[in-house]
Amino acid sequence: MHDSNCGSSPLKILLYAPNYLPATRYGGPVRSSHGLARGLVRRGHRVDVVTTNVDGEGVLDVPVGQVVDMEGVRVRYFPTSAPRRIYYSPEMLAAVESEVDTYDAVHTNGMFLWPGLAIARAAVRARKPLFISPRGMLVPEMIAGKSKHIKRLWIASLERRYLKQASAIHVTSESEADGIRQLGLDLAKVAILPNGVDLPKDEPSASDVEAEWVGVDRGERVAFLARLDWTKGLDLAIEAVARHPTATLLIAGPDQIGLQSALEKQLVRQDGSCAGRFVGQLDDQRKWAFLAGADLLLAPSVKESFGMSVAEALCIGTPVICTPGVGASSIVERISPGLVVERHPDVLAEVVKEALLDPTRSAQLGKIAKAMMAEEYGWDAIADRMAALYRQTQ
Numbered sequence: 349m350h351d352s353n354c355g356s357s358p359l360k361i362l363l364y365a366p367n368y369l370p371a372t373r374y375g376g377p378v379r380s381s382h383g384l385a386r387g388l389v390r391r392g393h394r395v396d397v398v399t400t401n402v403d404g405e406g407v408l409d410v411p412v413g414q415v416v417d418m419e420g421v422r423v424r425y426f427p428t429s430a431p432r433r434i435y436y437s438p439e440m441l442a443a444v445e446s447e448v449d450t451y452d453a454v455h456t457n458g459m460f461l462w463p464g465l466a467i468a469r470a471a472v473r474a475r476k477p478l479f480i481s482p483r484g485m486l487v488p489e490m491i492a493g494k495s496k497h498i499k500r501l502w503i504a505s506l507e508r509r510y511l512k513q514a515s516a517i518h519v520t521s522e523s524e525a526d527g528i529r530q531l532g533l534d535l536a537k538v539a540i541l542p543n544g545v546d547l548p549k550d551e552p553s554a555s556d557v558e559a560e561w562v563g564v565d566r567g568e569r570v571a572f573l574a575r576l577d578w579t580k581g582l583d584l585a586i587e588a589v590a591r592h593p594t595a596t597l598l599i600a601g602p603d604q605i606g607l608q609s610a611l612e613k614q615l616v617r618q619d620g621s622c623a624g625r626f627v628g629q630l631d632d633q634r635k636w637a638f639l640a641g642a643d644l645l646l647a648p649s650v651k652e653s654f655g656m657s658v659a660e661a662l663c664i665g666t667p668v669i670c671t672p673g674v675g676a677s678s679i680v681e682r683i684s685p686g687l688v689v690e691r692h693p694d695v696l697a698e699v700v701k702e703a704l705l706d707p708t709r710s711a712q713l714g715k716i717a718k719a720m721m722a723e724e725y726g727w728d729a730i731a732d733r734m735a736a737l738y739r740q741t742q
């Protein structure tokens, strides 16, 4: 463990996350919550996580209400009661209310769920510094999506007070900050701090890489890595790749809302050839091999607070083509502004074609990206910056 407290006392932090490992079906927010918590622990702080045992329609096979040590992070899983949709968990709140006075900072993640609201209230009542990470949910595009009237009512009648009284609203990109400002709410200060990336311990082996891309030649490999959701722009990715006669799109990620069957038809080109295939959700070992074997990653999201798959691809040295709505597009722009493009199939198709036809340039960009990510986006560095934010209110 490295201690970066420079004479200051270690912090004791309460971190709430709606879902937590091993619930990997929930994608980037789950991994980034643990990445931050683990990074803070490595830097000498104590992190207690409270979360639910929700895992899709079922529950995780984990002890309930007991402390589980996860790489030094103290995690407690709590059951939910009806109405389950909002993760109602009186057991979690009772535990938090009995202990909140002992913490130096309270940090909640996500929006529109009961525990985040209840824990924010407990922190304010106890006069504890409160930090709220909306995780991309507090931007116009996401509010205007599913259940928009309920979301607006929730903010106006419930969340608004705590968004103002918090010590800071934590966002992961300038794009997310801009989206929040567009709502015109009276908020606490907005602090921009990106997600970190879990650097792979070892480079994927050649055999593991080729196993992920069997049947697809180098120079034709386009990756898509995200849960299947309307916000991720998979339909545009398929259309763009389908216009390239030899390119193949491999689509990795869980399908929680049944999009795969509808999109499979789109993978068939007019000449009857197949433009790609679905490979399902990947564990960490397969994920890194998948990204390492790709010639590029395509990420045409409507709006994304950060975009962990973008950062992970850059970390392994794989170039990324993304759209401005992806929070991590600011990182891509630093590497090559031409790879952040308009969210239109014609534009995406042309840039994909150019990238696949110039492997030398793509390899050079990959090396630049890999070096930059290792230096600036490791979780220890991000944890130090978050701890500094927590301390500003002490």
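498 is the number that my numbering gives to position 150 of the sequence shown; each next residue is one higher, with no gaps.
Every residue, glycine too, gets a C-beta built ideally from N, C-alpha and C.
How about residue i and residue j: are their beta carbons less than 7 Å apart?
| i | j | result |
| --- | --- | --- |
| Ser495 | Pro463 | no |
| Leu573 | Ala600 | yes |
| Ala623 | Leu696 | no |
| Ala642 | Ala659 | no |
| Val680 | Gly655 | no |
| Pro542 | Trp636 | no |
| Tyr364 | Ile503 | no |
| His592 | Lys701 | yes |
| Thr399 | Tyr435 | no |
| Ala470 | Glu445 | yes |
| Ala571 | Leu645 | yes |
| Ala516 | Lys537 | yes |
| Trp727 | Gly387 | yes |
| Leu584 | Asp603 | no |
| Val389 | Val421 | yes |
| Ala442 | Leu478 | no |
| Val487 | Gly527 | yes |
| Phe426 | Met440 | yes |
What are the residues that DSSP puts in a beta bridge with residue i?
| i | result |
| --- | --- |
| Gly628 | Ala600 |
| Cys622 | Val616 |
| Phe426 | Thr400 |
| Gly406 | Asp403 |
| Val415 | Arg424 |
| Leu362 | Asp396 and Val454 |
| Glu652 | Val674 |
Can you say whether residue i is buried or exposed, counting buried as having 16 or more other CB atoms within 10 angstroms of its CB?
| i | result |
| --- | --- |
| Asp694 | exposed |
| Ala554 | exposed |
| Asp409 | exposed |
| Trp578 | exposed |
| Lys580 | buried |
| Val562 | exposed |
| Thr405 | As written in the sequence, residue 405 is Glu, which differs from the Thr given in the question. With fewer than 16 other Cβ atoms within 10 Å, it is exposed. |
| Lys613 | exposed |
| His382 | buried |
| Arg566 | exposed |
| Gly606 | exposed |
| Glu690 | exposed |
| Leu639 | buried |
| Arg483 | buried |
| Ala610 | exposed |
| Glu524 | buried |
| Val668 | buried |
| Leu501 | exposed |
| Asp619 | exposed |
| Asp546 | buried |
Quick one: what does DSSP say residue i is sitting in, helix, strand or coil?
| i | result |
| --- | --- |
| Val389 | helix |
| Ser481 | strand |
| Tyr725 | coil |
| Asp351 | With a pLDDT of only 49 at Asp351, under the threshold of 50, the placement of this residue in the model should not be trusted, and no figure is reported. |
| Tyr435 | coil |
| Leu644 | strand |
| Ala731 | helix |
| His497 | helix |
| Leu576 | coil |
| Arg508 | helix |
| Tyr738 | helix |
| Arg465 | In the sequence as displayed, the identity of residue 465 is Leu instead of Arg. DSSP places Leu465 in helix when its eight states are reduced to three. |
| Gly606 | coil |
| Pro377 | helix |
| Met720 | helix |
| Leu369 | coil |
| Ala595 | coil |
| Leu486 | coil |
| Ala661 | helix |
| Val476 | Residue identity check: residue 476 is Lys in the sequence provided, not Val. Looking at Lys476 - three-state DSSP - the assignment turns out to be coil, as it is neither helix nor strand. |
Determine, using beta carbons only, whether residue i comes closer than 7 Å to chain C.
| i | result |
| --- | --- |
| Glu445 | In the structure shown, chain C does not exist; there is a single protein chain. |
Practice task
Starting from the N-terminal side, write out each stretch of the beta strand (DSSP E) that is 3 residues or longer and does not extend beyond the segment 666–712.
Solution key: 668–670
Handout entry: Segments assigned alpha helix (DSSP H), at least 4 residues, entirely inside the segment 517–574
Key = 522–530 and 554–560
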